[in-house]
Amino acid sequence: MAGIIESSPAHQNFSRYDIRVIIKFFVILGKDASCIHKDLVTVLRENAPSIQTVRKWVKAVSEGRDDMEDEPRPGRPVTACGDANISKVLVSLSDDRRKTCEEISTETSMSRTSVFRVLTNKLNNKKKFSKWVPHLLTDEQKESRVNFSRNFLRRFQTEQNDFLGRIITGDETWVYSWDPETKRQSAEWRDFDEPRPEKVRRKQGALKVMHMIFFDMNGVILRWPVPIGTTINAQYYKKVLQDKLRPAIRKKRSGLLESGILFHHDNAPVHTARAVTDVLAGYKWELLEHPRYSPDLAPCDFHLFPKMKEHLRGQRFETEEDIIQATKVAIKNLDKCSYVTAFKDWLQRIEKCANNGGCYVE
């Protein structure tokens with residue numbers, strides 16, 4: 001049997017019916033119970049049936065049994081999942097859906113197994129962990145996200161890629177002298193029986209540099225490292241738009257100045273200040289709205305910054321200049337298609353947001 005089915009985790013999840021069919025197959029081949037059991041243990045290890053069970057089914061097949069299913073069992077029907085017990089579980093959960101099976105069992109005088117069966121088989125429930133979200137959105141904020149999404153999609157349907165191709169989006173992010181690897185990055189291929197690798201939880205480095213980055217579907221237009229000690233207020237942001245971003249657009253994307261720029265950033269106070277909006281209006285850059293508390297709908301936050309920092313995690317930088325140069329290299333190493341992907345993902349997220357009532361999307 002080991003020559004027919006390889007011994008691997010994927011082949012150890014056989015049902016009892018599957019194992020009986022295999023036993024029947026080897027009985028037809030003329031193998032005895034001991035040989036069959038030995039082969040089953042080789043492949044299924046601790047999941048293999050006992051020698052007594054193998055002998056039982058070898059005998060049954062030898063006597064002419066064809067059906068490998070369990071025979072109907074006499075006795076009283078199971079009542080643990082009846083309407084009365086379902087009602088008890090529902091009442092118990094009505095005031096606290098975090099209760100454990102043990103707590104519900106104590107309240108309802110049902111066995112823990114019965115409670116679990118009612119929850120999973122009858123009520124089709126599954127205990128799910130909470131997920132972290134940026135903000136607990138109000139109904140008004142969800143409605144704002146839906147309106148933004150619908151307006152964005154409506155415009156895309158009218159203008160198609162000409163609409164996306166005119167958008168420049170940007171934001172600020174900290175880059176640290178040390179950022180630990182993610183759990184996914186530290187994953188290792190190991191033998192099936194080996195324990196998981198261990199790593200010490202570390203904090204981010206104390207030295208950090210703020211980067212202001214603006215990009216479109218064709219790539220990064222401006223990466224501006226903010227000097228340490230500089231306060232990013234409306235006046236500083238305005239100066240970056242005037243003295244850094246606009247010249248960079250004129251140099252790298254001169255066609256956008258003619259076709260008309262659609263400018264996007266989130267609604268941080270620095271971005272929405274009057275001094276900033278006046279500059280954008282003076283340049284005749286159309287400002288795309290952005291709903292509050294919505295980093296999941298900002299391409300910098302859900303795509304560019306995570307991709308960029310993947311290349312930086314696990315590296316240690318000693319100076320401000322080291323951080324700046326490493327960030328420059330990390331951006332340079334991003335695939336050119338990554339920026340198109342960012343805008344496609346943005347469109348998909350906006351579509352999901354429009355269809356899910358304004359809830360956060362992943």
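Under full-length UniProt numbering, the residue at position 164 of the sequence shown is numbered 164, and the numbers go up by one with no gaps. In this text, a Cβ means the ideal position worked out from N, Cα and C, and glycines have one as well.
Item: Is the region 205-212 touching the region 169-181 in the sense that three or more CB pairs, one from each, lie closer than 8 Å?; Value: yes
Item: Assuming Gly219 and Lys336 make a contact with CB atoms under 8 Å, what is their CB distance in whole Å?; Value: 7 Å
Item: Is Glu46 helix, strand or coil by DSSP?; Value: helix
Item: Please classify Pro210: does DSSP put it in a helix, a strand, or coil?; Value: In the sequence under discussion, the amino acid at residue 210 is Met, which differs from the Pro named in the question. Of the three classes helix, strand and coil, the one that applies to Met210 here is strand, per DSSP.
Item: Under 7 Å, do Val279 and Ala234 count as touching if we go by C-beta distance?; Value: no
Item: Kindly indicate which three-state DSSP category Asp322 falls into: helix, strand or coil?; Value: helix
Item: Secondary structure at Phe263, three-state DSSP: helix, strand or coil?; Value: strand
Item: Would you kindly work out how many angstroms separate the C-alpha atoms of Trp346 and Gln157, rounded to a whole number?; Value: 15 Å
Item: How many angstroms separate the CA atom of Tyr283 from the CA atom of Ala268?; Value: 21 Å
Item: Let me know if Lys203 comes out buried or exposed under the rule of 16 or more other beta-carbons within 10 Å of its beta-carbon.; Value: exposed
Item: Where does the unbroken beta strand (DSSP E) through Tyr176 begin, and where does it stop?; Value: Ile167 to Tyr176
Item: Work out the CA separation of Phe14 and Thr42 for me, nearest whole Å.; Value: 14 Å
Item: Would you kindly work out how many angstroms separate the C-alpha atoms of Ser94 and Leu136, rounded to a whole number?; Value: 22 Å
Item: Assign Leu241 to one of two classes, buried (16 or more other C-beta atoms within 10 Å of its C-beta) or exposed (fewer than that).; Value: buried
Item: Just to confirm the assignment, what range does the alpha helix (DSSP H) spanning Arg349 have?; Value: Cys337 to Asn355
Item: DSSP three-state call for Trp224: helix, strand or coil?; Value: strand
Item: Skipping 5 residues on each side, what residues in its chain have a beta carbon closer than 8 Å to that of Ile331?; Value: Ile213, Val220, Arg223 and Met308
Item: Helix, strand or coil, according to DSSP, for Glu143 in the structure here?; Value: helix
Item: Among Thr182, Pro197 and Pro180, which has the Cα closest to the Cα of Glu188?; Value: Pro197
Item: Identify every residue that forms a DSSP beta bridge with Gly219.; Value: Asp216
Item: Apart from the five residues just before and just after Ala48, which ones in its own chain have a Cβ nearer than 6 Å to its Cβ?; Value: Leu40 and Val41
Item: Reducing DSSP to helix, strand and coil, say where Leu164 ends up.; Value: helix
Item: Mind checking which residues open and close the alpha helix (DSSP H) that includes Val61?; Value: Ile51 to Ser62
Item: Drop a sphere of 10 angstroms on the beta-carbon of Met1, count the other beta-carbons inside from all chains shown, and report buried for 16 or more, exposed for fewer.; Value: In this prediction, Met1 has a pLDDT of 47, which is less than 50 and means its spatial position is unreliable; nothing more can be read from the coordinates.
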